[in-house]
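Taking it in order: structure first as structure tokens, then the write-up.
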């Protein structure tokens with residue numbers, strides 16, 4: 001994983017007929033040594049829902065993303081959707097205006113991942129397959145069978161979880177848990193949308209209390225307390241765990257108070273070497289037709305193509321390594 005990338009003189013990964021190479025200098029932070037071959041922010045969608053919630057066939061859904069400029073996509077689904085009862089699934093798909101693309105249970109989970117794997121034959125986009133899993137499952141027994149088939153796993157930070165809004169202490173707790181889970185499932189992992197989820201809950205609580213959203217201060221929105229950013233950076237240093245800046249950030253960015261909180265919380269992480277991902281977190285066709293402009297909120301928070309390409313490079317390197325191992329096994 002990322003430790004391996006740093007000690008390799010050259011990482012060469014081939015996917016979709018395209019090769020990418022980087023030569024890190026000794027001791028360089030991950031993602032800082034590439035001077036060319038980077039995907040731009042709007043060319044990456046490292047969190048696109050393509051399973052049960054899909055409104056159109058898989059290829060058509062990917063076509064929409066490619067048409068809008070995407071060149072790398074992490075194709076995923078909510079792992080818990082496959083645990084519904086048949087009646088629950090029928091009611092849910094009807095209420096959502098969806099069709100039932102997959103059966104329930106592991107059979108359906110595998111069928112989705114097989115569909116996602118079939119996208120690798122496309123020559124216009126590089127895809128990886130994985131799951132989005134609720135943070136609450138870090139406190140419970142994990143659904144291990146489908147997790148073993150994933151190339152990447154993202155952990156859903158939710159504003160609907162009981163207690164306070166997501167914050168520095170809850171993030172530190174989740175990162176520690178993810179690092180433990182990663183010992184059992186050695187694939188790259190992402191903390192999905194923690195910062196925008198705090199914004200959502202803070203506003204939700206304020207509205208419930210009859211408070212004017214415009215009266216909220218930077219301190220109300222702030223995710224971290226003193227010392228917590230340093231702790232997060234120390235935990236993630238040299239690890240294959242990333243933090244997401246999702247498209248949902250754009251919904252708060254025009255508010256100068258929320259924007260100031262985002263910058264104060266996120267930029268010091270980027271400056272300390274924390275690696276990020278960008279995504280649409282897309283679920284619906286209407287959303288796919290809205291502009292995806294991550295540079296708008298990434299530039300001032302210190303998130304760059306350099307530190308968002310690290311996950312792509314790692315996934316490509318892992319895929320190439322696995323392919324080489326398979327080829328060697330066949331020749332024995």
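Numbering (our numbering), first residue to last: 1 to 332.
Even glycine gets a Cβ: it sits at the ideal position worked out from N, Cα and C.
| Query | Result |
| --- | --- |
| Three-state secondary structure (DSSP) of residue 53 | coil |
| At least 3 beta-carbon pairs within less than 8 angstroms: the region 301–317 vs the region 37–45 | yes |
| Collapsed DSSP secondary structure at residue 320 in the structure displayed | helix |
| Straight-line gap, residue 162 to residue 262 (C-alpha atoms, nearest Å) | 23 angstroms |
| DSSP beta-bridge partners of residue 277 | 244 |
| Cβ shell of residue 35 (< 7 angstroms), same chain only, five flanking positions each side left out | In this prediction, residue 35 scores a pLDDT of 43, lower than 50, which makes its location untrustworthy; the coordinate-derived value is nonetheless stated afterwards. None. |
| Completely contained alpha helix (DSSP H) runs for the region 111–155, where each covers 4 or more residues | 144–147 |
| Residues near residue 54 in its chain [Cβ-Cβ closer than 8 angstroms; skip 5 each side] | 61, 98 and 101 |
| Pairwise C-alpha distance: residue 293 and residue 279 | 10 angstroms |
| Buried/exposed call for residue 108, threshold 16 Cβ in 10 Å | buried |
| Alpha-carbon spacing of residue 194 relative to residue 323, whole angstroms | 34 angstroms |
| Check whether residue 103 and residue 90 have beta carbons under 8 angstroms apart | no |
| C-beta atoms of residue 50 and residue 81 nearer than 8 angstroms | no |
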